[in-house]
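Quick notes on the structure that follows.
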Ligand code: SF4
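In our numbering, the protein residues as written are 2 to 337.
Have a look at this one:
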C-alpha cells in the first residue's frame, strides 16, 4: 500500500512514514532438556533470525502453518517471552532487554488480542471490572471516570451498556472477543498484536469482528501485527504480509504484490490453496508433500528444501538470505 493510501486510510500525515516497530535478527530458542541430569541437549528454534518493520498506522499480517513460529514471534515482541538474540525497537526505543518498571511502562503501548476469547476472560470477574482493570492499574481515575471510560469502550466495540454487569460466560464467542478487544484498547495502545483473533469464531461472525478491528484502527490510530493461518483473513486485514516457515521469514511484500505474484515456492503453495470466489474459475493447486520438519533439528540450507518442488542442489547446502528482489518485495530463495 502506498504511503498516500496509508495516510488516507488513517486520516493523518507525516508520522505515517516512521516505523513503529523494527525487528532485527530476532531469535527465540527454547532449550530441550534430556538425560538423567536434565541437561540442555538441544534447542527448539521457534523463531530463527527474522527481521521486519511495521510503519505507524499500518497492518502487517504474519502467516504460516501452525508451529511456524508466528505466535512465538508475537509474544517475543510483546516481551512475554525473552528473546534469545536480536533487537526489538519500539517507537524508537530498544526494548529488547528492558525489565521491571520500564517493561511495565512499555506494555501500556503494546497490547494483545488473544485467539481464544473463552480462555482469556476471568470467569469470576464482571465484564466491567475486566475492562477497567488495566486502567485501574496504570492510571489514577475516580470510580465515576473509570466507569464512564468502560461504558465508552463497550459502546466502541458494539456491546450494550448492561454488558458491564455480566460475566464472560453470558456472551457468545464474537461478543467475548469484543470484550477482549475493549480490554486491549483500554490503555489506548499504539500497537496491537492480534494472534488468530477470529479463528475460534463462527465464520458468520468473523467478518464482523475483522471489520470492527479495521474501524477501531482508524478511530484509535492503531498499528497492527495481525497473526493468522488463514490467508483470506490476512488479505482482508493487511497492508503488507510476511510469510513464515519453520521459524524463518521466507517472503515479505505489499499485499497486492504478494497475492498477484508470490515468489517463494511455499507462498505459491499457500496461495494456490485459497478457494477461488468464482467456482467456474479453475485454479491449479500446488500440493506440498511431506510434513513440516522439526524445529529442533531443522534441515540444512533452505528450511523448505525437503518439501520444495523447485529445490536444486544448492538449496540443501546454503541457507538463502531474505533480500529485496522487487520494490518492497523481499524473498529468501535461491531462485531469485
Ligand atoms: Fe525451494 Fe531452493 Fe528456493 Fe528453498 S531456496 S524455496 S528449496 S528453490
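A virtual CB, placed ideally from N, CA and C, is assigned to each residue, including glycine.
For residue i, which three-state DSSP category applies?
| i | result |
| --- | --- |
| residue 225 | strand |
| residue 80 | coil |
| residue 99 | coil |
| residue 338 | Residue 338 falls outside the range modelled here, since the chain spans only 2 to 337, and no answer is possible. |
| residue 19 | coil |
| residue 306 | helix |
| residue 61 | strand |
| residue 125 | coil |
| residue 269 | helix |
| residue 9 | The pLDDT assigned to residue 9 is 45, lower than 50, so where the model puts this residue is not dependable, and the model offers no usable value. |
| residue 287 | coil |
| residue 211 | helix |
| residue 108 | helix |
| residue 1 | There is no way to answer for residue 1, as the model of the chain reaches only from 2 to 337. |
| residue 35 | strand |
| residue 206 | helix |
| residue 335 | coil |
| residue 28 | strand |
| residue 4 | Model confidence at residue 4 stands at a pLDDT of 44, short of 50, so the residue's coordinates are unreliable; what they give is reported in the following sentence. Looking at residue 4 - three-state DSSP - the assignment turns out to be helix. |
| residue 119 | coil |
| residue 71 | helix |
| residue 167 | coil |
| residue 317 | helix |
What whole-angstrom Cβ distance do residue i and residue j have, given they're in contact under 8 Å?
| i | j | result |
| --- | --- | --- |
| residue 123 | residue 132 | Contact flag wrong, Cβ pair sits at about 11 Å. |
| residue 310 | residue 278 | 26 Å between Cβ atoms; not a contact. |
| residue 111 | residue 27 | With a Cβ gap of about 15 Å, residue 111 and residue 27 do not count as contacting. |
| residue 228 | residue 75 | 5 Å |
| residue 1 | residue 272 | Since the first and last residues shown for the chain are 2 and 337, residue 1 lies out of range. |
| residue 196 | residue 113 | 7 Å |
| residue 90 | residue 55 | At roughly 11 Å, the Cβ-Cβ gap does not stay under 8 Å, so residue 90 and residue 55 are not in contact. |
| residue 234 | residue 242 | In fact, because the Cβ distance is near 11 Å, the residues do not count as touching under 8 Å. |
| residue 67 | residue 237 | Actually they are not in contact, since the Cβ atoms of residue 67 and residue 237 sit about 20 Å apart, beyond 8 Å. |
At which residues does the alpha helix (DSSP H) containing residue i begin and terminate?
| i | result |
| --- | --- |
| residue 131 | 128-139 |
| residue 182 | 174-186 |
| residue 149 | 144-157 |
| residue 237 | 232-238 |
| residue 255 | It is not in any alpha helix (DSSP H) - residue 255 instead sits in the beta strand (DSSP E) that spans 249-255. |
When the Cα of residue i is compared with those of the options, which residue comes out closest?
| i | options | result |
| --- | --- | --- |
| residue 260 | 74, 244, 321 | 244 |
| residue 220 | 85, 189, 268 | 189 |
| residue 115 | 268, 181, 216, 272 | 181 |
| residue 83 | 73, 92, 333 | 73 |
| residue 162 | 129, 211, 140, 315 | 129 |
| residue 299 | 43, 334, 216 | 43 |
| residue 30 | 50, 19, 106, 36 | 50 |
| residue 284 | 274, 291, 224 | 274 |
| residue 140 | 187, 165, 61, 166 | 187 |
| residue 33 | 323, 121, 321, 46 | 46 |
| residue 303 | 289, 185, 286, 336 | 336 |
| residue 77 | 37, 41, 23, 65 | 23 |
| residue 134 | 218, 109, 95, 334 | 109 |
| residue 1 | 59, 41, 40, 19 | The question about residue 1 has no answer, for the chain in this structure spans 2 to 337. |
| residue 119 | 179, 69, 276, 136 | 179 |
For the beta strand (DSSP E) holding residue i, just list the boundary residues, first then last.
| i | result |
| --- | --- |
| residue 43 | 40-56 |
| residue 196 | 192-196 |
| residue 242 | 241-246 |
| residue 322 | Run containing residue 322: none; DSSP gives neither H nor E here. |
Give a yes or no on contact between the segment 192-203 and the segment 166-178, applying the rule of three or more CB pairs nearer than 8 Å.
yes
Below 8 Å, how does it come out for the segment 286-299 and the segment 318-327: are there three or more Cβ pairs, yes or no?
Cβ pair count under 8 Å is below three, so no.
Taking one C-beta from the segment 145-155 and one from the segment 94-103 each time, how about it: are there three or more such pairs within less than 8 Å?
no
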